[in-house]
Structures are given as C-alpha cells and as structure tokens.
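Below you'll find the structure, written out as structure tokens, and then a few comments.
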Amino acid sequence: MSPPLVVFDLDGTLVDTAPDLVASLNHAVTQAGIEPVTYADLTHLVGHGARAMIERTFALRGKALSEEELTWQMKEFVDFYHGSMPGGSLPYPGVIAALDRLQDAGLRLAVCTNKPEMLAKRLLEGLDLIDRFAAISGGDTFSVRKPHAEHLLSTVANAGAVAEHTVMVGDSLNDILVARNAAVPSIAVPFGYSDVPIESLSPDRIIQHFDELTPELVKTVLGREKK
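Each residue of the sequence shown is one higher than the last, beginning at 1179 in our numbering.
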C-alpha cells in the first residue's frame, strides 16, 4: 500500500513570504506609477500567482494594464524576487518539527503551489527545505493550476503516491477547492493569506499551529474521508 502523502501549499502555509511578496510587488508596480500596496492588501492579492497579484494590484488602484505592460511587470517582479530570495521569508513556527515528525513516520511530502515552479524551488532551496519533498509543482508546471484538480493529482502522481492516501494542507480558497475537486481531504491553517475566515471554506480539519500536524492526525483525516 502506498504510504500517506501530505501535500502543502507554499505561501501562507509552509512559509511566511509576505515581506518579500510585498517588496517585490511594490518594486514592480511603483515603476508604473502605482501606489505601493501594504500587508493589509496582501490577502486580497495572493493565491493565484505573481501574474494575478500584479493584475489585482492594478485593478485595486483603478489603473488599466495592457498585456505588454503585464509582461514587463512580471519580469520586474520575478527578477527582484528571485534575486533577493529567500529574503525575510521564514517557515511558520513548528513547520520544521512537523516535517520531521511526518517523515520519521514514513509519510511522503510534496508541494503544490501557484507560485512559478522556479521560484518555489529557489525559495525552498534557500530555506534548506527542498530535499524534503518528493515532488514540487508550481503554477506553470502543468497546463492547469489550483483549484483545478489535475494540478494536485499530477503532483500526487509525481510524488509516487495515490490520491486515496493524500491530504492537502493549505491556507486559502484555492487549496480547499483543489482538494475538494480532487476528492482529497484538506487540513487548513488560519494564519495564512486567506481573504475570508478559513472556517467558512469548510476544510476537513483546521489546525491552529503546526504542532498539531502529526502522523496520527493525517491518518485520522484520511480515515474520516473513507467513511
């Protein structure tokens, strides 16, 4: 039988990337005369990747954005973010110990994020986390992205696991929806970048701290899903 697989979202779930996302976004948009965004804007802006962050920032400030300018903005964002990574981004409290617990119990780990794959891997490498994951997929790894079920299901396949033994851990709507669309149970964290209370998204379980993420919890959530 395939060992359980725990798939994590990245921004707002495994790693608090808010300082660097805001800095990189403002680096790009201020060059187009856009007023800088703040941390308070972040939950409205993240979750769909850098492209959507830029598009939403322009919309938030009431300024039109052409495809040509979007391409230029993307380059500015990615170059700045890549060059400063990992910057001030840090794993959330308890993440390292939780990963240790899961791996020591024989569980596999993977990452499924809408962040571009290159940036996701660079961040995880910079934080010395990359070797922990059997698969890392970004928003440009496949032809679809979260919340499309195939983004998660293809990540599961790349990790050498099966959906029936997989749990998705995330902080926002896309994570709960991709789990639901893939018929995979979900565990949510409330400290990420969701723009609505995580309870309103009806995940299978909510944990307040990564201290609660144990092999026993994963197996309990999987067992509940099968009933």
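Ideal placement from N, C-alpha and C gives every residue a C-beta, glycine not left out.
Assignment of Met1231 by DSSP, reduced to helix, strand and coil, places it in the helix class.
Just measuring C-alpha positions, the residue of Ser1321, Ala1312, Gly1348 sitting nearest Tyr1371 is Gly1348. With contacts defined by Cβ atoms closer than 9 Å, Asp1187 and Val1289 form a contacting pair.
Under the three-state reduction of DSSP output, Ser1315 falls in the strand class. The DSSP-derived three-state label of Ser1321 is coil.
In this model, Arg1234 and Tyr1217 are separated by some 14 Å (Cα to Cα). Only residues of its own chain outside the window of five on either side were considered, and among them Gln1251 have a CB closer than 6 Å to the CB of Ile1232, listed in chain order.
Counting the other Cβ atoms within 10 Å of the Cβ of Ala1275 gives fewer than 16, which makes it exposed. A straight line joining the alpha-carbon of Val1334 with that of Gly1316 spans about 13 Å.
For Met1346, the enclosing beta strand (DSSP E) starts and ends at 1344–1348. Nearest C-alpha to Ser1350 among Asn1336, Ile1365, Glu1254, Leu1280: Ile1365. For the set Asp1282, Asp1382, Glu1390, the Cα lying nearest the Cα of Val1399 is the one of Asp1382. Per the coordinates, the alpha-carbon of His1205 lies some 27 Å from the alpha-carbon of Val1374. In the DSSP assignment, Ser1372 falls outside any beta strand (DSSP E), carrying neither H nor E.
Under the three-state reduction of DSSP, Ala1339 is assigned to coil, being neither helix nor strand.
Ile1384 is bridged by DSSP to Ala1366. Secondary structure at Leu1248: helix, using DSSP grouped into helix, strand and coil. Counting the other Cβ atoms within 10 Å of the Cβ of Met1346 gives 16 or more, which makes it buried.
Beta-bridge annotation (DSSP): Ala1288 is paired with Val1185, Ala1313. Taking the CA atoms as reference points, Lys1293 sits about 10 Å from Lys1324. In the structure shown, Val1215 adopts coil according to DSSP, grouped into three states. Under the criterion of beta carbons closer than 8 Å, Pro1181 and Gly1284 qualify as touching, at roughly 5 Å.
For Asp1278, the three-state secondary structure derived from DSSP is helix. For Ala1201, the enclosing alpha helix (DSSP H) covers residues 1196–1207.
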